[in-house]
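Please read the structure below before turning to the comments.
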Amino acid sequence: MSTASSPYARITDLLSNISNFNVIDTTLREGEQFANAFFSTEQKLKIAKALDDFGVEYIELTSPVASEQSREDNEKICQLGLKCKKLAHIRCHMDDAKVGVETSVDGLSVVIGTSSYLRKFSHGKSMETIYQVAEEVVTFIKSKGKEVRFSSEDSFRSDLVDLLKLYRHVDKLGVNRVGVADTVGCAHPRQVYELIRTLRGVVNCDIECHFHNDTGCAVANAYCALEAGATHIDTCILGIGERNGITPLGGFTARMYVADKAYVTDKYNLHMLRDIENMVADFVEIQIPFNNYITGYCAFTHKAGIHAKAIINNPTTYEILRPEDFGMTRYVSIGHRLTGWNAVKSRCEQLDLHLTDAEIKEITRKIKELADIKPLGIEEVDSLLRVYHTYIESSNYENMTAAANAAGDEIKQKASN
Ligand code: HCA
Ligand code: CU
């Protein structure tokens with residue numbers, strides 16, 4: 002039976018852009034809205050360069066009308082000769098557009114609030130006024146030959162009919178992209194899928210999505226948006242941004258790598274991720290969270306005995322991401338009460354200590370006994386194994402239990418000195 006006619010054949014998802022998407026990293030715009038961010042010119046240049054080397058397709062910069070320094074910094078970034086496209090974020094306002102088109106960016110990311118909250122409590126404009134301003138601003142930017150994206154802030158709390166009408170209108174005016182923004186982080190994947198799929202049927206242009214992470218859905222929402230036909234995803238390094246931020250570049254990369262490893266490893270320089278994150282963490286004075294995707298200190302640490310055993314036999318058993326692909330290394334933690342003798346055996350092999358399985362089981366018993374009082378660091382475990390090995394070799398002890406106990410005593414003694 003041919004694959005095509007097999008009832009089990011994978012159904013080609015015509016809408017999905019899982020293997021065909023662009024990243025718009027907005028660390029230099031949304032990220033600047035993070036509580037601790039105050040990037041110097043030098044820092045901005047370093048971030049822009051690193052993102053370009055990593056391979057993102059676009060970087061978004063702060064509005065040139067935000068401040069004189071912001072405008073100057075944008076110019077400096079544009080002069081770096083980066084491969085990625087540079088965008089500046091502006092309000093949907095002719096004053097901003099007039100300044101924006103005079104700068105060196107490739108395009109302008111225009112945004113206006115469309116939810117009733119924003120229309121009432123922020124800019125106070127009716128939907129009719131929004132249509133008019135949008136038309137004026139988009140037409141003007143296009144006439145100046147710049148790429149233009151039109152986005153609606155708080156899209157998920159906006160009236161669907163109003164929203165689709167507005168997007169269709171700007172699409173007809175020739176925008177390069179429309180943007181959907183979950184400004185308050187309220188959306189969940191199914192909602193995202195439905196809105197983007199509907200929008201895909203309404204506009205011909207590309208679709209950009211921007212997800213805040215207030216309820217922990219920012220990566221999943223980005224993925225679902227691509228499945229439904231979105232083309233561009235906004236990210237920030239470490240997910241920094243307003244409040245608790247947006248889709249993190251690292252987490253998004255992890256998700257997409259699992260979906261299409263060849264595509265993602267080919268397109269992005271994944272080994273750079275850790276350095277980029279460390280750099281930004283340093284600039285904004287935060288620590289990399291322990292549970293950070295890919296680069297969190299325990300992202301590739303395996304602990305429980307049964308996990309460790311399987312990981313040693315075949316890492317794929319408990320690893321969906323290959324640490325080597327990200328320049329990371331795997332670590333099997335053994336100095337604790339959940340340890341197992343297979344992991345201890347593997348460590349002995351690494352240390353070139355020849356012990357029988359029975360001897361290893363005995364020292365594993367000792368590790369568990371010691372670790373019931375306090376977990377042991379890897380150096381302590383290593384020295385316990387070495388001492389035990391010497392004792393076994395010397396045959397000074399009547400049996401392996403006595404050797405293990407003596408080795409344990411020696412390690413305890415060392416620790417208390
Ligand atoms: C903001 C607005 C924004 C804009 C997103 C976009 C949002 O915080 O100033 O331009 O698509 O989350 O709505 O970041
Ligand atoms: Cu935002």
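Position one of the sequence shown corresponds to residue 2 (our numbering), numbered consecutively onward.
Just so you know, even glycine gets a beta-carbon here, dropped at the ideal spot from N, CA and C.
Only a predicted model underlies this, so the values are computations on that prediction, with no experimental measurement involved.
Contact holds between the region 399–406 and the region 356–375, because three or more Cβ pairs, one in each stretch, are under 8 Å apart. Contact annotation: the region 212–219 touches the region 180–189, with at least three C-beta pairs closer than 8 Å. When C-alpha distances from LEU339 are compared across ASN292, ALA407, ILE113 and LYS375, the shortest belongs to LYS375.
As for any beta strand (DSSP E) of minimum length 3 sitting wholly inside the region 174–213, the runs are 178–183 and 207–212, ordered along the chain.
The region 263–283 makes no contact with the region 60–78: fewer than 3 CB pairs, one atom from each, lie closer than 8 Å. Under the 10 Å beta carbon count, SER105 is surrounded by fewer than 16 other beta carbons and is classified as exposed. Below 8 Å, enough C-beta pairs join the region 150–159 and the region 111–119 to call them touching: three or more. THR296 sits buried, since 16 or more C-beta atoms from the chains shown fall within 10 Å of its C-beta. Sequence-distant Cβ neighbours of HIS170 in its own chain, meaning closer than 8 Å and more than five residues away, are TYR132, ALA135 and GLU136.
Only exposed fits MET95, as fewer than 16 other CB atoms lie within 10 angstroms of its CB. Within 8 Å of the C-beta of ILE208 there is not a single heavy atom belonging to the ligand HCA.
Boundaries of the beta strand (DSSP E) harbouring ASN23: 23–26, taken from the DSSP string. ASN37 and GLU286 have their C-alpha atoms spaced approximately 7 Å apart. Minimum Cα-Cα distance from ALA255 among the listed residues ILE19, ILE241 and GLN192 corresponds to ILE19. According to DSSP, residue pairing for LYS86 in a beta bridge involves TYR59. Going by C-alpha positions, SER347 is about 35 Å away from LYS268.
For ASP235, the shortest separation between its Cβ and any heavy atom of the ligand HCA lies below 8 Å. In this model, SER384 and ALA223 are separated by some 47 Å (Cα to Cα).
Fewer than three Cβ pairs drawn from the region 306–320 and the region 74–81 lie within less than 8 Å of each other, which leaves the two stretches out of contact.
The way I'd put it, the region 320–327 doesn't touch the region 342–358; fewer than three beta-carbon pairs between them come closer than 8 Å. Looking at ASP172, ILE379, TYR298 and GLY125, the one whose alpha-carbon comes closest to that of THR330 is TYR298.
Between the region 188–196 and the region 218–235 there are three or more C-beta pairs closer than 8 Å, enough to call the two in contact. Taking 8 Å as the cut-off, the C-beta of ALA219 does not count as close to any heavy atom of the ligand CU.
Rounded to the nearest angstrom, the Cβ distance from ILE197 to ALA219 is 15 Å, too far for a contact under 8 Å.
Secondary structure of LEU109 (DSSP, three-state): strand. Between the C-alpha atoms of LEU377 and ASN397 there is a straight-line separation of about 26 Å. Checking the DSSP bridge columns, you'll see CYS237 partnered with PRO249. Burial state of PRO8 is exposed, judged by a 10 Å Cβ sphere holding fewer than 16 other Cβ atoms. Separation of ASN343 and GLY252 (C-alpha to C-alpha, rounded to the nearest whole angstrom) is 32 Å. If you check the C-beta of HIS211 against the ligand HCA, you find a heavy atom less than 8 Å away. The beta-carbon separation of TYR332 and PHE301, rounded to 6 Å, stays under the 8 Å limit for a contact. Looking from the CA of HIS337, the closest CA among CYS349, GLU381 and ILE234 belongs to GLU381. Using a Cβ distance threshold of 9 Å, CYS93 and ILE60 do not count as a contacting pair. Non-local C-beta neighbours of GLU76 in its own chain, meaning closer than 7 Å and more than five positions away in sequence, comprise THR104 and SER105, ordered along the chain.
If you check the CB distance, GLY328 and ASN245 do not come in under 9 Å. Between the alpha carbons of LYS173 and VAL281 lies a distance of about 39 Å.
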